[in-house]
Amino acid sequence: MRQMQVTGETCRIVVGSGKGGVGKSVVSVMLAAVAAERGRTVLLLDGEQNLANLHVLLGVGSRDSIESVLGGRVRAEELVQPVAPHLWLLPAESGSEGLYALDAVERARLHCRLVGLSQQYEVVVVDAGAGIEGVVRAATLGADRILLVTAPEPTALMDAHALVKMLSLQVPYVRIDVFVNRCAGEDEGKGAFVRLAAASEQFLNRRLHLAGILLEERQVAVAVREPRHFLARLMETRAAQCIREARLDVLDLIEPTRSRA
Ligand SMILES: Nc1ncnc2c1ncn2[C@@H]1O[C@H](COP(=O)(O)OP(=O)(O)O)[C@@H](O)[C@H]1O
Ligand SMILES: [Mg+2]
Numbered sequence: 299m300r301q302m303q304v305t306g307e308t309c310r311i312v313v314g315s316g317k318g319g320v321g322k323s324v325v326s327v328m329l330a331a332v333a334a335e336r337g338r339t340v341l342l343l344d345g346e347q348n349l350a351n352l353h354v355l356l357g358v359g360s361r362d363s364i365e366s367v368l369g370g371r372v373r374a375e376e377l378v379q380p381v382a383p384h385l386w387l388l389p390a391e392s393g394s395e396g397l398y399a400l401d402a403v404e405r406a407r408l409h410c411r412l413v414g415l416s417q418q419y420e421v422v423v424v425d426a427g428a429g430i431e432g433v434v435r436a437a438t439l440g441a442d443r444i445l446l447v448t449a450p451e452p453t454a455l456m457d458a459h460a461l462v463k464m465l466s467l468q469v470p471y472v473r474i475d476v477f478v479n480r481c482a483g484e485d486e487g488k489g490a491f492v493r494l495a496a497a498s499e500q501f502l503n504r505r506l507h508l509a510g511i512l513l514e515e516r517q518v519a520v521a522v523r524e525p526r527h528f529l530a531r532l533m534e535t536r537a538a539q540c541i542r543e544a545r546l547d548v549l550d551l552i553e554p555t556r557s558r559a
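Here you go:
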């Protein structure tokens, strides 16, 4: 395993979930912010194609849409917005349908431009689009690590399992780490992870790794309602502390596994 600080390579973390509302965006932000706190240069990329909301969460304006990068009117670099020290956001646009309609050539062109941008950062955290298709697409475009966020309830676990199945087919060598979020307690989170991991080993012959268990926490919901102070409030929560303290896990997360698909 290589140290990316030494090689100057970019580590791409794709954050995905089967089901919406499990905290994928919130976890993406916390993970990016923790890496930035550690002095990495981090780009948070909103991969939600028509339900983009990171710029709303973070209270950052989106001046132009990613679609204008395709048309060549704007360079991807110009869309990037500073969020905090070492942390930048590439917003997407809510309600944009254009990206859905891209043909293969346009998609490849956009991809090239985003790769060029990504290479200027040490860590890129992609908040992948909701649902299986968006996550698989983001992962096949290049991921060093996939971070799967799920809630502990059976419906979320089922959708998470379906996602692992697709990822196992499309990007079989990329390691998947799991955050179980919105848990009533540690035991609930552990139990959920054990069920998900057991199903994945039994039916998909695929090993999952537990990145952390995050509790349902009122302060997270409070932070979300206050875009002006969202990041500061979020990073004061127990959930953020848990991501910081999962120190080895997180450091491990941001070391590339050199298995780009
Ligand atoms: N650990 C948590 N504790 C309490 N509420 C949470 C937690 N994680 C997420 N939420 C709530 O869930 C909502 C959805 O989170 P979000 O990250 O937008 O989900 P997703 O991106 O998976 O659709 C947030 O608005 C927030 O209020
Ligand atoms: Mg989201």
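Be aware that the sequence shown starts at 299, since it is given in our numbering, and climbs by one per residue. Backbone N, C-alpha and C define an ideal beta-carbon position, used for all residues, glycine too.
Query	Result
Would you mind sorting Gly427 into buried or exposed? The rule is 16 or more other CB atoms within 10 Å of its CB.	buried
Arg480 lies in the beta strand (DSSP E); which residues open and close that run?	Ile474 to Cys481
Quick check on Ile364: does DSSP put it in helix, strand or coil?	coil
Among Val312, Leu400 and Ala449, which one has its Cα closest to the Cα of Ser416?	Val312
Distance, Cα to Cα, Leu388 vs Gln379?	6 Å
For ligand 1, is there any heavy atom lying closer than 8 Å to the beta carbon of Asp425?	yes
Return yes when the C-beta of Glu420 is under 8 Å from any heavy atom of ligand 3, and no when it is not.	Absent from the structure shown: ligand 3. Ligands present: ligand 1 and ligand 2.
Using the Cα positions of Asp401 and Leu368, report the straight-line distance between them to the nearest angstrom.	12 Å
I want to check one thing, is the minimum distance from the CB of Ser416 to the heavy atoms of ligand 1 below 8 Å?	no
Between Gly370, Leu532 and Leu446, which lies nearest to Cys410 when the distance is taken from Cα to Cα?	Gly370
Does the beta-carbon distance from Leu494 to Ala458 come in below 9 Å?	yes
Please report the distance separating the alpha-carbon of Glu346 from that of Gln500.	31 Å
Is any non-hydrogen atom of ligand 2 found closer than 8 Å to the C-beta of Lys488, if you look at the structure I gave you?	no
Measure the Cβ-Cβ separation of Gln517 and Arg536 and say whether it is below 9 Å.	yes
Take every Cβ of the segment 335-345, pair it with every Cβ of the segment 449-466, and state whether three or more of those distances are shorter than 8 Å.	no
Under the three-state reduction of DSSP, which class applies to Ala509: helix, strand or coil?	strand
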